[in-house]
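Undergrad: Protein chains in written order, with my numbering: chain A, 1 to 367; chain B, 368 to 769.
Pasting a structure here, questions to come.
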Amino acid sequence: MKNGANHATRAKAVLRRLRLRLFSSWPSAITTLTILYLGWKTVPPLVNWAVVQAAWSPDQAALCRQLIGRGACWAFIADKYRFILFGTFPADEHWRPALVIALLLGLYGISIMRAVRWPLLGALWLAGLSLIAALMWGGVFGLSYVENERWGGLTLTLLLATFGLALAFPLAILLALARRSELPLVRWVTVAYIEVIRGVPLISVLFMASVMLPLFLPPGVSIDKLLRAQLAMILFAAAYLAEVVRGGLQAVPAGQEEAAQALGLGYWQRTYYVILPQALRIAIPPLVNTFIGFFKDTSLVVIIGLFDFLTTIKVSLSEPAWTGFGIEAYIFAAFGYFLFCYPMSRYSQRLESRTAPAGRLDFSGVN
Amino acid sequence: MRPRRGSTILGAGQIGFAGRFRAPRLRPLVYQFVLAAALGVVAWYLVSTAAQNLLDLGVAAGFGFLSREAGFAIGETTLLSYSAADTYLRAIAVGFLNTLRVATLAILFATLLGVAIGLARLSANWLLAKGAAGYVELLRNVPLVVQLFFWYSVITEILPAPADAMRPVPGVFLSNRGVVFPMLELTAPDRWLFALAAGVVVLAVLWIGRSLRLPEIARRQSLAGAATLATAAGGALLLLLATRKSIKLDYPVFGGFDFAGGGSLSPEFTALFLGLTLYTAAFIAEIVRAGILSVDRGQFEAGYSLGLTERQVMRFIVLPQALRLIVPPVTSQYLNCTKNSSLAVAIGYPDLVSVANTTINQTGQAIEGLAIIMIVYLSISLAISAAMNAYNRRVVLRGNSR
């Protein structure tokens with residue numbers, strides 16, 4: 001009896017909450033009904049297309065042709081997944097990039113853990129990145145050498161983003177400090193660099209690296225395309241990160257610097273022991289947002305023809321068996337990027353709500 | 368100002384070279400001199416290497432190539448007419464106008480959509496708020512290039528061939544060749560009259576907007592003036608449309624292979640416009656939401672207890688405070704949107720970057736071509752950046768001078 005009454009009150013409470021949240025007023029009720037109607041019109045056909053009618057097995061290219069307009073062709077992904085993950089890395093060495101992906105994910109995970117902190121974290125990253133370089137290039141520990149033209153797919157996207165950020169970050173800190181320098185020339189040079197890079201689209205910086213940089217190298221010296229692109233992305237990311245770090249530096253009260261000075265600490269000691277730890281902690285949420293933006297930006301290398309995650313998908317589309325399945329291909333690409341960016345953005349939102357007053361705005365202007 | 372570094376306790380007796388180096392006046396000068404010298408050497412080295420390389424390649428440095436014949440076609444043009452026989456300069460100008468066209472339209476629509484979605488996220492209706500949140504998370508966490516490729520695929524793969532084009536509204540055709548719609552057909556003198564009348568209407572609307580902000584007493588008179596102007600201009604416009612025989616609505620007609628007449632949007636433009644708008648709107652929505660949330664709850668409550676209605680609280684109390692926080696990051700989103708329009712090159716819309724890239728490939732003038740791209744974008748950005756920094760100087764914590 002008592003149980004039944006409980007159920008009744010709970011059901012009443014649920015109903016009340018539903019009414020409050022969905023039917024609180026006439027406009028609200030109309031909105032709810034409109035959304036439900038639209039959902040009912042679009043969701044079942046979409047599920048039908050994406051799941052029920054879809055072709056999943058890699059040998060169903062012919063079936064895919066018949067299904068056009070009725071069912072999705074995931075067979076395309078199933079057929080090309082190795083190329084999309086590893087590019088043209090030699091097939092029997094695929095365990096190496098697979099291990100690299102696992103290592104990178106491990107490094108990301110460690111960085112979120114609060115127990116692992118700077119010096120240790122820095123050492124782990126250095127060790128991890130060295131190991132990754134060894135695995136990718138080979139030539140040591142009895143691994144066969146693989147030239148970096150053959151790196152590709154998701155592996156390359158993660159490498160571009162990770163190495164880009166890992167190298168851009170120290171540079172960004174130096175730039176941010178230089179922008180606050182008391183030496184006018186240092187300040188002007190940094191401001192000019194940061195504002196020029198932030199003022200132009202990434203694609204123009206990538207073009208610079210791919211078509212203009214070779215003109216500035218002495219004859220006989222050449223840097224391959226991947227490294228040039230990586231260099232461009234580092235220089236690009238550094239300018240944006242520098243502005244975020246500067247925001248953090250600005251937020252440290254001036255009294256901290258003065259107190260450290262009163263203790264007799266020199267400039268670098270003040271910066272390293274007093275200012276930076278506070279500034280970087282404040283800057284973490286916008287930094288993570290910048291990381292997300294940079295991760296998405298790696299997809300721009302498709303325009304200069306590097307075989308990253310997006311390019312491998314696009315190239316797979318040009319195979320005669322799979323032409324015309326662009327929608328499936330790009331939904332899959334979107335899903336792939338989302339898988340990395342969404343958790344990062346949740347992480348940054350969590351940090352933000354923990355450290356900052358609600359609704360604080362990010363002025364870094366990154367997207 | 369903080370005390371200068373190096374102004375430590377220095378006895379008068381210990382001034383050797385090292386002492387002088389530590390002296391507050393000299394050391395900064397030495398550092399800066401070294402920096403200037405290093406930059407000079409690097410610049411000189413780069414310039415001389417590049418000059419030698421260009422000489423070896425047989426490329427004449429300088430902007431002389433701009434007056435040569437371009438020899439490539441451009442799929443669509445804005446305002447300027449262009450053919451392959453025109454110069455590179457004209458080609459680049461056409462590209463620049465194409466950039467402005469797509470960026471302006473995308474900014475306009477992204478603002479409207481972004482504000483709507485930002486407000487929807489704050490709605491009391493659970494479904495609407497969650498839907499808007501889902502939109503923002505999905506669009507923000509997928510690279511724009513992927514979205515552009517997706518929309519381009521949707522247009523070219525799902526939409527039917529022109530022969531069986533979709534007709535959502537009579538006269539408007541959606542097909543895998545893009546969007547075709549009816550357009551006013553104007554001859555040259557009419558076009559100027561039309562533009563003049565339209566300009567006056569815009570002016571009147573702005574005037575109305577301004578007078579709404581005036582105090583109650585002045586508002587009436589000002590509004591009356593603006594309304595008269597708007598009516599006169601609108602009337603003139605209608606009269607023009609009704610009486611001039613040469614002005615008529617040009618309907619697109621399907622003939623054999625493609626549409627003739629009317630206005631059209633290419634698949635490339637449509638995909639770029641759609642992608643940019645939806646993407647930028649997600650960011651603007653977040654800014655709007657955060658801006659409104661940042662206004663203290665007490666402000667709403669104080670407004671209500673003064674007897675103001677919900678609309679009035681929004682209009683007079685919340686929005687003015689929220690806007691202060693919303694405007695700067697939105698400005699930077701506009702800038703991003705303009706820069707992001709350069710991704711046009713990925714789907715073949717002839718924007719500035721795309722045209723300049725073709726120019727570079729044809730002439731080998733990589734340095735000049737990139738210089739043009741960068742100067743154009745920089746002049747757009749620096750103006751906005753300067754405004755942002757001026758603003759930042761005002762919001763920075765007191766006591767922290769830089």
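Ideal placement from N, C-alpha and C gives every residue a C-beta, glycine not left out.
None of the values given here were measured: they were computed from a predicted structure.
Compare the C-beta of Thr416 (chain B) against all C-beta atoms of chain A and say whether one is closer than 7 Å.
TA: Position 49 of the second sequence holds residue 416 (chain B). It does: the Cβ of Thr416 (chain B) has a partner Cβ on chain A nearer than 7 Å.
Undergrad: Name, in chain order, the residues that DSSP records as bridge partners for Ala627 (chain B).
TA: Residue numbering aside, residue 627 (chain B) sits at position 260 when the second sequence is read from its first letter. Answer is B:Val620, bridged to Ala627 (chain B).
Undergrad: Does Val546 (chain B) come out as helix, strand or coil in the three-state DSSP assignment?
TA: Position 179 of the second sequence holds residue 546 (chain B). Correct three-state label for Val546 (chain B): strand.
Undergrad: Just the Cα atoms here: how many angstroms apart are Gly766 (chain B) and Gly407 (chain B)?
TA: Residue numbering aside, residue 766 (chain B) sits at position 399 when the second sequence is read from its first letter. Residue numbering aside, residue 407 (chain B) sits at position 40 when the second sequence is read from its first letter. Because Gly766 (chain B) sits at a pLDDT of 45, beneath the cut-off of 50, its placement in the model cannot be relied upon, and the following sentence gives the value as read from the coordinates. Answer to the nearest angstrom: the Cα atoms are 36 Å apart.
Undergrad: Would you mind stating whether Gln700 (chain B) and Ile651 (chain B) have Cβ atoms separated by less than 7 Å?
TA: Here residue 700 (chain B) refers to the residue found at position 333 when the second sequence is read from its first residue. Here residue 651 (chain B) refers to the residue found at position 284 when the second sequence is read from its first residue. Their beta carbons are under 7 Å apart, which means Gln700 (chain B) touches Ile651 (chain B) by this criterion.
Undergrad: Label Asn728 (chain B) either buried or exposed according to how many other C-beta atoms from any shown protein chain fall within 10 Å of its C-beta, with 16 as the threshold for buried.
TA: Here the question's residue 728 (chain B) lines up with position 361 in the second sequence. Asn728 (chain B) is exposed by the Cβ-count criterion.
Undergrad: Can you tell me the Cα-Cα spacing of Ala192 (chain A) and Arg198 (chain A), whole angstroms?
TA: Working through the first sequence from its first residue, we reach residue 192 (chain A) at position 192. Working through the first sequence from its first residue, we reach residue 198 (chain A) at position 198. Spanning the two alpha carbons is a distance of roughly 10 Å.
Undergrad: Leaving out the 5 sequence neighbours to the left and right, which residues in its chain are closer than 8 Å to Ala496 (chain B) when beta-carbon positions are compared?
TA: On the second sequence, position 129 is the one that residue 496 (chain B) refers to. Closer than 8 Å at the Cβ level, and outside the excluded window around Ala496 (chain B), lie Ala487, Arg488, Leu489 and Ser490.
Undergrad: In chain A, which residues lie with their C-beta within 8 Å of the C-beta of Asn724 (chain B)?
TA: The count along the second sequence starts at 1 and reaches residue 724 (chain B) at position 357. Residues of chain A passing the Cβ test: Phe207.
Undergrad: Listed from N- to C-terminal order along the chain, which residues in the region 9 to 25 of chain A have their beta-carbon within a distance smaller than 7 Å of any beta-carbon of chain B?
TA: Here the close residues are Arg21, Leu22 and Ser24.
Undergrad: Residues in the same chain with beta-carbon distance under 7 Å from Val463 (chain B), minus the five sequence neighbours each way, listed in chain order, please.
TA: As a working note, residue 463 (chain B) is residue 96 in the second sequence. One point to set straight first is that residue 463 (chain B) is Phe, not Val, in the sequence displayed. The answer, listed in chain order, is Leu719 and Val743.
Undergrad: Chain A partners of Tyr744 (chain B), CB-CB under 9 Å?
TA: Position 377 of the second sequence, counting from 1, holds the residue named residue 744 (chain B). Within 9 Å Cβ-Cβ: Gly199, Val200, Pro201 and Ser204.
Undergrad: Which residues in chain A have a C-beta closer than 9 Å to the C-beta of Pro510 (chain B)? List them in chain order.
TA: For this step, residue 510 (chain B) is matched to residue 143 along the second sequence. Here the neighbours are Phe295, Lys296, Asp297, Thr298, Ser299, Leu300, Leu310, Ala333, Ala334, Tyr337 and Cys341.
Undergrad: Under a three-way DSSP split, which group does Glu443 (chain B) fall into?
TA: As a first step, residue 443 (chain B) must be located in the second sequence, where it is residue number 76. In the structure shown, Glu443 (chain B) sits in coil (DSSP, three-state: anything other than H, G, I, E or B).
Undergrad: Would you mind giving the Cβ-Cβ distance between Cys64 (chain A) and Phe76 (chain A), rounded to the nearest angstrom? I have them listed as a contact below 8 Å.
TA: In the first sequence, residue 64 (chain A) corresponds to position 64, counting from 1. In the first sequence, residue 76 (chain A) corresponds to position 76, counting from 1. Correct: roughly 7 Å between the Cβ atoms.
Undergrad: Look up Leu526 (chain B) in the DSSP assignment and say whether it is helix, strand or coil.
TA: Walking along the second sequence from the start, residue 526 (chain B) turns up at place 159. Three-state result, Leu526 (chain B): coil.
Undergrad: Consider the Cβ of Thr31 (chain A): report whether some Cβ of chain B lies at a distance smaller than 7 Å.
TA: Taking the first sequence and counting its residues from 1, the one referred to as residue 31 (chain A) is at position 31. Taking Cβ atoms only, chain B reaches closer than 7 Å to Thr31 (chain A), which makes this a yes.
Undergrad: Counting only beta-carbon atoms, is Ile739 (chain B) nearer than 7 Å to chain A?
TA: Here residue 739 (chain B) refers to the residue found at position 372 when the second sequence is read from its first residue. It does not: the Cβ of Ile739 (chain B) has no partner Cβ on chain A nearer than 7 Å.
Undergrad: Could you spell out the range, first to last residue, of the alpha helix (DSSP H) harbouring Glu195 (chain A)?
TA: Stepping through the first sequence from its first residue, residue 195 (chain A) is reached at position 195. Unbroken alpha helix (DSSP H) run through Glu195 (chain A): Pro184 to Gly199.
Undergrad: Is it true that the region 429 to 437 of chain B meets the region 723 to 737 of chain B, where meeting means three or more beta-carbon pairs spaced less than 8 Å apart?
TA: Yes, since at least three Cβ pairs between the region 429 to 437 of chain B and the region 723 to 737 of chain B fall closer than 8 Å, the two stretches touch.
Undergrad: Whole angstroms are fine: how far does the CA of Leu103 (chain A) sit from the CA of His94 (chain A)?
TA: If you number the first sequence from 1, residue 94 (chain A) lands on position 94. If you number the first sequence from 1, residue 103 (chain A) lands on position 103. Between His94 (chain A) and Leu103 (chain A), the C-alpha separation is close to 14 Å.
Undergrad: Alpha carbons only, please: which of B:Gly670, B:Ala473, B:Thr676 and B:Arg691 is nearest the one belonging to Phe636 (chain B)?
TA: Counted from its first residue, the second sequence places residue 636 (chain B) at position 269. It is B:Ala473 whose Cα lies nearest to the Cα of Phe636 (chain B).
Undergrad: Any idea which residues DSSP pairs Thr454 (chain B) with across the strands?
TA: One-based indexing of the second sequence puts residue 454 (chain B) at position 87. Note: Thr454 (chain B) sits in a beta bridge opposite B:Glu436.
Undergrad: Using 8 Å as the cut-off, can you tell me whether the region 267 to 282 of chain A makes contact with the region 239 to 252 of chain A, which would need three or more C-beta pairs spanning the two stretches below that distance?
TA: Touching, yes.
Undergrad: Quick one: measure Cβ to Cβ for Leu85 (chain A) and Thr155 (chain A), integer angstroms, because I've assumed they're closer than 8 Å.
TA: Looking up residue 85 (chain A) in the first sequence gives position 85. Looking up residue 155 (chain A) in the first sequence gives position 155. Right, their Cβ atoms sit about 7 Å apart.
Undergrad: Give me, in chain order, the residues of the same chain whose beta-carbon lies closer than 6 Å to that of Arg507 (chain B); leave out the 5 immediate sequence neighbours on both sides.
TA: Counting from one through the second sequence, the residue named residue 507 (chain B) turns up at place 140. For Arg507 (chain B), where only same-chain residues beyond five positions count, the Cβ hits under 6 Å are Ala649.
Undergrad: Please work out which residues of its chain come closer than 8 Å, Cβ to Cβ, to Glu328 (chain A), disregarding the five sequence neighbours upstream and downstream, and give them in chain order.
TA: Walking along the first sequence from the start, residue 328 (chain A) turns up at place 328. Only Ala72, Cys73, Trp74, Phe76 and Ile77 meet the Cβ criterion.
Undergrad: Hey, out of A:Ala242, A:Phe207, A:Leu215 and A:Ser353, whose CA is closest to Val368 (chain A)'s CA?
TA: As shown, chain A starts at 1 and ends at 367. That puts residue 368 (chain A) outside it, with no answer to give.
Undergrad: From the DSSP output, which residues share a beta bridge with Cys73 (chain A)?
TA: On the first sequence, position 73 is the one that residue 73 (chain A) refers to. Looking at the DSSP assignment, Cys73 (chain A) forms a beta bridge with A:Ala55.
Undergrad: Does DSSP put Arg372 (chain B) in a helix, a strand or coil?
TA: The residue given as residue 372 (chain B) occupies position 5 in the second sequence. Unreliable placement is indicated for Arg372 (chain B), whose pLDDT of 48 sits below 50; the coordinate value is still reported in the next sentence. Of the three classes helix, strand and coil, the one that applies to Arg372 (chain B) here is coil, per DSSP.
Undergrad: Closer than 7 Å between beta carbons: that is the criterion. Which residues of the region 128 to 140 of chain A meet it against chain B?
TA: So nothing in the stretch comes that close.
Undergrad: Can you find the residues in the same chain that come closer than 6 Å, C-beta to C-beta, to Ala689 (chain B), ignoring five residues on each side of it along the sequence?
TA: Here the question's residue 689 (chain B) lines up with position 322 in the second sequence. Counting only Cβ-Cβ distances below 6 Å, and skipping sequence neighbours, we find Gly658, Ile659 and Val662.
Undergrad: I want to verify the contact list: residues of chain A whose CB lies under 8 Å from the CB of Pro395 (chain B), in sequence order.
TA: As a working note, residue 395 (chain B) is residue 28 in the second sequence. Within 8 Å Cβ-Cβ: Glu182 and Leu183.
Undergrad: Anyone know if the C-beta pair for Thr444 (chain B) and Val461 (chain B) falls short of 7 Å?
TA: Within the second sequence, residue 444 (chain B) is the residue found at index 77, counting from 1. Within the second sequence, residue 461 (chain B) is the residue found at index 94, counting from 1. Yes, these two residues count as a Cβ contact at 7 Å.
Undergrad: Less than 7 Å separating the beta-carbons of Asn724 (chain B) and Leu511 (chain B)?
TA: One-based indexing of the second sequence puts residue 724 (chain B) at position 357. One-based indexing of the second sequence puts residue 511 (chain B) at position 144. For Asn724 (chain B) and Leu511 (chain B), no; Cβs fall outside 7 Å.
Undergrad: Per DSSP, which residues does Phe540 (chain B) bridge with? Please list them.
TA: Locating residue 540 (chain B) in the second sequence gives position 173, counting from the first residue. Looking at the DSSP assignment, Phe540 (chain B) forms a beta bridge with B:Val547.
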